[in-house]
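Position in the sequence shown counted from 1, then plus 46, gives you our numbering.
Don't be surprised by glycine CBs; every beta carbon is placed ideally from N, CA and C.
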Amino acid sequence: MFKKLKQRSLQKLTDKNLKNRDLSEINAPLKTLGFLVEEAQFQDLEVLYDFSETLGLQRKDVRVFTFLEVKKKTPSLRQNQVNNKDFTWKGEIHNQNAEEFLAIPFDALIGYYKGRNEFLDLMVAKSRAKFKIGVSESDFRLYDMIIDIDLEKTDAFKNELKKYLQVLNKI
47 MFKKLKQRSL QKLTDKNLKN RDLSEINAPL KTLGFLVEEA QFQDLEVLYD
97 FSETLGLQRK DVRVFTFLEV KKKTPSLRQN QVNNKDFTWK GEIHNQNAEE
147 FLAIPFDALI GYYKGRNEFL DLMVAKSRAK FKIGVSESDF RLYDMIIDID
197 LEKTDAFKNE LKKYLQVLNK I
């Protein structure tokens, strides 16, 4: 019962954040890039930092934040991680690192996960990113652009992303 209540609250907050989104700087050039990743689908996070070279950014301008459904029992040094226990039944996020990540006004935010994930969808909707990019099978309302490609094909995704960002005059 609480799981359904939590999902409903997450969906309501996502819808509310979508309505309040500021689109005034959607055409800003790319200087900072953020990734929201579901660790169950993609673990090689170092590859995502390599996107900076392809897109003409410095490594420090790329940030990766991950979601893990259930927190591992082994301690982790990774600070940029959130799990389902960090979300209250009202859909509020109780993770300081996640709040800081969402407050950064990225020029582009990439939701690097396939399908729907209530927790990550809420984070994408709450993000102050100017331009949001998703992958196939995502909720189209969340993103300004969706690239239909397999997550494991990072080189193909990188090339497609660069091509579209050049067409949009972001790089």
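{"query": "Residue ranges of each beta strand (DSSP E) within the stretch 89-117, 3 or longer", "result": "108-114"}
{"query": "Residue 165 vs residue 130 beta-carbon contact at 8 Å", "result": "yes"}
{"query": "Assumed close pair residue 56, residue 137 - CB separation to whole angstroms, cut-off 8 Å", "result": "5 Å"}
{"query": "Proximity below 8 Å, CB of residue 89 to CB of residue 160", "result": "no"}
{"query": "Cβ-Cβ separation, residue 82 to residue 158 (assumed contact under 8 Å), whole Å", "result": "7 Å"}
{"query": "Beta-carbon contacts of residue 102 that lie in its chain and below 6 Å, excluding the five residues immediately before and after", "result": "217"}
{"query": "Sub-8 Å separation of residue 80 and residue 139 beta-carbons", "result": "no"}
{"query": "CA nearest to the CA of residue 146, picked from 127, 91, 163 and 185", "result": "127"}
{"query": "Those residues which DSSP pairs with residue 178 across a bridge", "result": "155"}
{"query": "Cβ neighbours of residue 52 in the same chain (closer than 6 Å, five flanking residues each side left out)", "result": "135"}
{"query": "Contact check, residue 111 vs residue 84, beta carbons under 8 Å", "result": "no"}
{"query": "Beta-carbon gap between residue 192 and residue 184 smaller than 8 Å", "result": "yes"}
{"query": "Residue 69, buried or exposed, once every other Cβ within 10 Å from all chains shown has been counted against 16", "result": "exposed"}
{"query": "Endpoints, beta strand (DSSP E) assigned at residue 129", "result": "127-129"}
{"query": "Contact check, residue 100 vs residue 153, beta carbons under 8 Å", "result": "no"}
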